[in-house]
Amino acid sequence: MDTMNDFKLAFILTAAPITAVGVLSMAGAAYEGFFGLWFVGIAMWVAAVLAAIGFALALHLRTASGILAGVVVGSVALGATCFANLNLLSLDRRDAHYAAS
């Protein structure tokens, strides 16, 4: 197999699921259950880092680099969706406070 394809495949198979779970965590209101998907993204992130270490130890360096590049993209997506989810949570609390008064 072409070594550049190893990098591309590892990048896509790492970045796409982590980013997708992060974006899906923003669906619906903060208390509708989708917020918990963000923590699944963190678990996937940890698993990807461990997989990259394993591939690096096995000297599959292109695959390990692709995984780490995907982890970086996933980190950006999880970071952005974290702040978006916290903003939605604070807006829900603010609206509940004004509705109660």
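Numbering (numbering that gives the first Met the number 0), first residue to last: 0 to 100.
All C-beta atoms in this analysis are idealised placements derived from N, C-alpha and C, irrespective of residue type, glycine included.
Annotation for Met3: Arg61 place their beta carbon closer than 8 Å to its own, counting only its chain and skipping 5 residues before and after. Under the three-state reduction of DSSP output, Met25 falls in the coil class, being neither helix nor strand.
The three-state secondary structure of Ala57, taken from DSSP, is coil. CA-CA distance, Leu8 to Leu36, rounds to 24 Å. When the Cα atoms are used, Ile17 and Ile52 turn out to be separated by approximately 18 Å.
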